[in-house]
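**Q**
Numbering (this note's numbering), first residue to last: 285 to 711.
#1: Here's the rule: buried if 16 or more other CB atoms are within 10 angstroms of the residue's CB, otherwise exposed. What is residue 288?
#2: For residue 525, count the other beta carbons within 10 Å of its own beta carbon; 16 or more makes it buried, fewer makes it exposed. Which is it?
#3: Taking 8 Å as the cut-off, does the segment 538 to 550 touch the segment 480 to 492 (at least 3 CB pairs, one atom from each stretch)?
#4: From what residue to what residue does the beta strand (DSSP E) around residue 550 run?
#5: Look at the Cβ atom of residue 347, then the Cβ atom of residue 374, and state whether they are nearer than 8 Å.
#6: Can you list the alpha helix (DSSP H) stretches of 4 or more residues lying completely in the segment 317 to 402, in chain order?
#7: Run the CB neighbour count on residue 452, radius 10 Å, all protein chains shown included, and call it buried at 16 or more, exposed below.
#8: Quick one: what's residue 564 bridged to in DSSP?
#9: Go ahead and label residue 782 buried or exposed: buried means 16 or more other beta carbons lie within 10 angstroms of its beta carbon, across all protein chains shown.
#10: Alpha carbon to alpha carbon, how far is residue 625 from residue 482? Give it in angstroms, no decimals.
#11: Does the segment 573 to 586 come into contact with the segment 602 to 620, if we say contact requires no fewer than three beta-carbon pairs (one atom in each stretch) closer than 8 Å?
#12: Starting from the N-terminal side, write out each stretch of the alpha helix (DSSP H) that is 4 residues or longer and does not extend beyond the segment 431 to 481.
#13: Would you report the Cα separation of residue 496 and residue 698, rounded to the nearest angstrom?
#14: Could you say which of 644, 500 and 571 lies nearest to residue 610 if we only look at CA atoms?
#15: Would you give the residue range spanned by the alpha helix (DSSP H) that residue 596 belongs to?
#16: Measure the alpha-carbon distance for residue 560 versus residue 653 and round it to whole angstroms.
#17: What would DSSP say about residue 286, mapped onto helix, strand or coil?
#18: Does the Cβ of residue 343 have 16 or more other Cβ atoms within 10 Å, making it buried, or fewer, making it exposed?
#19: Check the DSSP bridge columns for residue 525 and list the partner residues they point to.
#20: I need the boundaries of the beta strand (DSSP E) containing residue 579, first residue and last residue.
#21: To the nearest angstrom, how far is the alpha carbon of residue 353 from that of residue 521?
#22: Does the separation of the CB atoms of residue 349 and residue 389 fall below 8 Å?
#23: Between the alpha carbons of residue 285 and residue 411, how many angstroms are there, rounded?
#24: Between residue 572 and chain C, is there a C-beta pair that is closer than 8 Å?
#25: For residue 646, tell me which candidate among 506, 629 and 664 has the shortest Cα-Cα distance.
#26: Per DSSP, what kind of secondary structure is residue 296 in: helix, strand or coil?
#27: With DSSP collapsed to three states, give me the class of residue 616.
#28: For residue 290 and residue 409, what's the separation of their Cα atoms in angstroms?
#29: So residue 474 and residue 533 are in contact, right, with Cβ under 8 Å, and what is the actual spacing, rounded?
#30: Taking just the CA atoms, how far does residue 563 sit from residue 536?
#31: Please state whether DSSP places residue 654 in a helix, a strand or coil.
#32: Quick one: what's got a C-beta closer than 7 Å to residue 628's C-beta in the same chain, skipping five residues either side?
#33: Closer than 8 Å by C-beta to residue 358: which residues in its own chain qualify, once you throw out the five before and the five after it? Chain order, please.
#34: Give every residue of the same chain whose Cβ lies closer than 7 Å to the Cβ of residue 391, excluding the five residues on either side of it in the sequence, and list them in chain order.
#35: Determine the closest residue to residue 356 out of 635, 584 and 555, with distance taken between C-alpha atoms.
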């Protein structure tokens, strides 16, 4: 009788309602009372700095007829600026609406993590995932800031959900929607495109499918078409803004210039229109790096310079790569929370994530015989391949925990499956 009661509580509608209420209250308190403001200017002065300023300036240009787009305006993909412009409105003054939309997105991320776990492993794992997601600080930390993390996570998670729905429910048109959402996520952060491209090879693995190759190619075409529906028009827009020189989503040269060239703290980029653009990584500051790199795009080939440096310093390059990969997990603290009065909370939440999500998720993924069995292979890859984009990006770009946090819902799914397995064995 006791066992049945415990099981019914975990699977009950009441438990679901409690988790929704707890998640909603936590996110509301963090976004509103804990970050007070009375006027828009007060909010801007208190909470908008560093790369947030770049997003804010870009958003304003969407409402400025005849606005000129300089090199510095193209350092980030255009999606975040467009999102901010849409929500804040023509006068860029709808701050309350923006924060409410951010709250809604953090709630979707919470519910989406649970729904993804439910689709993959059933209701019991889904409920455990909801419990973990409700309390996971990184899933709503960025909801108060004009950063790309919250909309990026929302879109990335939606893409993964549609991928799983297409497989589980045999709604193969959802592959098209998955591609569209992955493409939209790439307009917030370029790594979204890497995720979409990494998922394409799964359609070429006959071990994971019962469908014939011709059918699988049709599925791959749908996913690819969804990606291209977003990538093509956005790249055309960015090429126009770049004065006719092809651009996919953004100038990524600054983030590439921060790595594979020594222990760099800052990069100073000489802008073609005059002046300088400075870029630094929070992780580099936390490590006490002090070296500076000056680059001139009209003279310097950053990729070639980085390759030469790596070939000349292979051991340093490899250890630096390992450090950057560790920075995703717990090597350093995430920006911007590490810079304000909530640094201890950031430290504690990172430790909890490492111990209670990352480690169980890794333990679940390492059971390779089960994860890559014919039954689970496809669904496991839908979770693992997005995560694989992180170490790939670390090869050529700077990293920090903030870049991992949008992928935490995938880790929560695996961790929840591990916990459910342990709970079942204990009974």
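We put the beta carbon where it would ideally sit given N, CA and C, even for glycine.
**A** Let's see:
#1: Low local confidence applies: a pLDDT of 48 at residue 288 is under 50, so the model's placement there is unreliable, with the coordinate-based value given in what follows. So residue 288 counts as exposed.
#2: buried
#3: no
#4: 548 to 554
#5: yes
#6: 324 to 331, 335 to 346 and 363 to 372
#7: exposed
#8: 550
#9: Missing from the structure shown is residue 782; the chain here goes from 285 to 711 and no further.
#10: 38 Å
#11: no
#12: 433 to 452 and 458 to 470
#13: 29 Å
#14: 571
#15: 586 to 596
#16: 53 Å
#17: The pLDDT assigned to residue 286 is 46, lower than 50, so where the model puts this residue is not dependable; a value taken from the coordinates is nonetheless given after this. It is helical.
#18: buried
#19: According to DSSP, which records beta bridges pairwise, residue 525 is partnered with nothing at all.
#20: 575 to 580
#21: 11 Å
#22: no
#23: Unreliable placement is indicated for residue 285, whose pLDDT of 42 sits below 50; the coordinate value is still reported in the next sentence. C-alpha separation (whole angstroms): 21 Å.
#24: Among the chains of the structure shown, chain C does not appear; only one protein chain is present.
#25: 664
#26: coil
#27: coil
#28: Its pLDDT being 48, under 50, residue 290 is placed unreliably by the model, and the measurement read from it follows with that caveat. Each residue's alpha carbon lies about 14 Å from the other.
#29: 5 Å
#30: 11 Å
#31: helix
#32: none
#33: 522, 525, 526, 531, 534 and 535
#34: 307, 308 and 311
#35: 555
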